[in-house]
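For what it's worth, our numbering labels the leading residue of the sequence shown as 983, then goes sequentially.
Note that the Cβ used here is the ideal one computed from N, Cα and C, for glycine as well.
Following: one structure in structure tokens, then a few remarks.
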Amino acid sequence: MIAWDFDPFYVRGGTAYAIRRLADQLTGQGIATTVLLPARDDTESQPLPTSLLRTTTIKIGNEFRNAPRIVQCREFCRVALETVEQTMTNSDAIIAHGDEAAMFLVMRNSKRSPGPSVFWLHSLYDPPIGELSEDQRRSLPSNSLLASAVKVADIVVTSTGVLQDAQEFEWPAGLKELQNALMTASTDQRILTVEAVGCLSAMSNDAEATLSATPKLRNLKQPYVLFPCRPTVDKGMGIFAVIAERLRKDGTACVAVGPPNHGPAVNSRAQDSAIQWLPWLSQDELQIAMRNAVCTVLPSITEGFGLAAAESASLGVVTLYQQVGGHHGLQSFPNAVPVALTTSERARLYQLWTELVAVDPDSWSVWSKYEPSFRPLIERWVEAIRSVMKSPASTFSAGPRGIAQQWGDRLRDGIEAGVKV
983 MIAWDFDPFY VRGGTAYAIR RLADQLTGQG IATTVLLPAR DDTESQPLPT SLLRTTTIKI
1043 GNEFRNAPRI VQCREFCRVA LETVEQTMTN SDAIIAHGDE AAMFLVMRNS KRSPGPSVFW
1103 LHSLYDPPIG ELSEDQRRSL PSNSLLASAV KVADIVVTST GVLQDAQEFE WPAGLKELQN
1163 ALMTASTDQR ILTVEAVGCL SAMSNDAEAT LSATPKLRNL KQPYVLFPCR PTVDKGMGIF
1223 AVIAERLRKD GTACVAVGPP NHGPAVNSRA QDSAIQWLPW LSQDELQIAM RNAVCTVLPS
1283 ITEGFGLAAA ESASLGVVTL YQQVGGHHGL QSFPNAVPVA LTTSERARLY QLWTELVAVD
1343 PDSWSVWSKY EPSFRPLIER WVEAIRSVMK SPASTFSAGP RGIAQQWGDR LRDGIEAGVK
1403 V
């Protein structure tokens, strides 16, 4: 597997946890798995490799240290390809994760290497390719990096929800090539759909998982509404900040987790809103915070799989969400409650996303431009939260989490069947 992030080596978001859980599922099936990662200075603590799970760090030259992200990723992919060709010639499959590893598949395709290639589309972040050289851009079969990887991959893994959005409305210009590539891959029966629930690890039902027993949560007073994601615009922080301002007069506590120590500061508007901020939480601490919330809210602009929402719903917490991308897969949970979203609003969220990608996924100036057009949607969010606060639901049972839904099983079966599963 080729990955930019991998828990607990480098954790920047849900993708790192997702890739690690996939690796653990594969090794649990007796499949030897090697993960190629970029060598970095700011690493998390590293676990000892097991007999089946190995990690290989890829070093790139110092001249790339301050290069644009897409240039760094391309060089990482180039060196990773050399490593694979020299030491992993007998691999049964190569899995490239996300936009950071997309170039790996393009390079590998030009060499006609043996063995199936899998492109795991974790999100719709499609970075601009203008920072690449003219020759490098010319090597791509599309003006879109993600579309290029989708075109050359033998198997494309994504969520049913992303595919559903691609089928139901026209994506904006910045995502049009990716949409067309996904539709072609679907027609060619090269797409394998998996849902976030198939990535979830075992969760504790410890009855003593209380706020008072957790130092970072000890001063958190109930009842409260929790935003359980990174506090960025693409995850819906702009919408949540407006919700918190609206609910201030109700006395409703709106709580969010601040960025990790190595992350950017929270935007001043969000910082000055009615939101109560928690320090960055571990996965165990976040589960406790979710369990004790009246509800969690996930007004994401876009989602590849919606891992945070699936984790919340699997704990039996009332989980309010927008049906974009991977969030469509939450319908199997009785406690996952969609906030009504029209097709035109979904299309507008995708347009907002393309502008965020062009500038910065956490650009509040871009969000401010779109905010007035989403006021009816924000009003529906406020009313949905008020309804839950008035009539808190009892604990629900978790949704289905059978073995057949595990990512590792689906991937293995898809590779063996040539993806027609």
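P1320 is the residue among V1299, P1320 and S1168 whose C-alpha sits nearest the C-alpha of G1308. Relative to R1368, the option among E1267, K1231, E1045 and C1181 whose CA is nearest is K1231. In the structure shown, the three-state DSSP call for C1211 is coil.
Taking 4 residues as the minimum length, the alpha helix (DSSP H) runs contained wholly in the stretch 1050 to 1118 are 1051 to 1069 and 1080 to 1092, in order along the chain. Nearest to G1390 by alpha-carbon distance, out of V1139, W1349, E1159 and Q1204, is V1139. Contact between the stretch 1078 to 1092 and the stretch 1122 to 1135 is present: 3 or more CB-CB pairs across the two stretches fall below 8 Å.
Under DSSP, A1318 shares a beta bridge with T1301. Exclusion of the five residues before and after Q1011 leaves G1390 and R1394 as the residues of its chain whose Cβ lies within less than 7 Å of its Cβ. When DSSP states are grouped into helix, strand and coil, F988 belongs to the strand group. Our two residues, A1340 and Q1258, have alpha carbons roughly 30 Å apart in a direct line. V1017 is bridged by DSSP to T1037. For D1108, same chain residues with a beta-carbon under 8 Å away, outside a window of 5 residues either side, are D1081, S1126, L1127, L1128, A1129, G1156, L1157, L1160 and V1339 in chain order.
A1235: member of the beta strand (DSSP E) spanning A1235 to V1239, first to last residue. In the structure shown, the three-state DSSP call for Q1265 is helix. For D987, the closest alpha carbon among the candidates I1013, A1014 and L1019 is that of L1019. Spanning the alpha carbons of Q1269 and C1277 requires a straight line of approximately 13 Å. Q1028 carries a coil assignment under DSSP once its states are collapsed to helix, strand and coil. Taking a cut-off of 8 Å for Cβ pairs, the stretch 1190 to 1201 and the stretch 1321 to 1333 do not touch, as fewer than three such pairs fall below it.
DSSP places I1221 inside the alpha helix (DSSP H), whose first and last residues are M1219 to L1229.
When rounded, the separation of the alpha-carbon atoms in F1058 and V1066 is 12 Å. Here the stretch 1042 to 1051 does not lie against the stretch 1072 to 1080, with fewer than 3 beta-carbon pairs under 8 Å apart. Around the C-beta of F1222, 16 or more other C-beta atoms lie within 10 Å, and the residue is accordingly described as buried. Positions of the alpha helix (DSSP H) runs, each at least 4 residues long and wholly inside the stretch 1130 to 1157, are given as 1142 to 1150 in order along the chain.
Looking at the DSSP output, I1257 bridges to C1236. Boundaries of the alpha helix (DSSP H) harbouring I1360: R1357 to K1372, taken from the DSSP string.
Residue pairing by DSSP leaves I1042 without any beta bridge partner. When DSSP reads this structure, V993 sits in no beta bridge, so it has no partner. Judged by beta-carbon spacing, H1310 lies beyond the 8 Å limit of Q1149, meaning their Cβ atoms are not closer than that value. With a beta-carbon spacing of about 12 Å, A1318 and A1290 fall beyond the 8 Å limit used to define contacts.
Straight-line spacing of the CA atoms in T1166 and P1110 works out to 22 Å.
The Cβ atoms of V1207 and T1234 lie closer than 8 Å to each other.
Proximity to D1023 across I1397, R1047 and L1122 peaks at R1047, based on C-alpha coordinates. For I1173, the enclosing beta strand (DSSP E) starts and ends at I1173 to T1175. Within a 10 Å sphere around the beta-carbon of S1099 sit 16 or more other beta-carbons, which makes this residue buried.
Annotation for V1339: no beta strand (DSSP E) segment contains it, though the alpha helix (DSSP H) segment containing it runs T1325 to V1341.
Residue P990 holds the alpha-carbon nearest to the alpha-carbon of P1029 among S1183, E1361, P990 and T1038.
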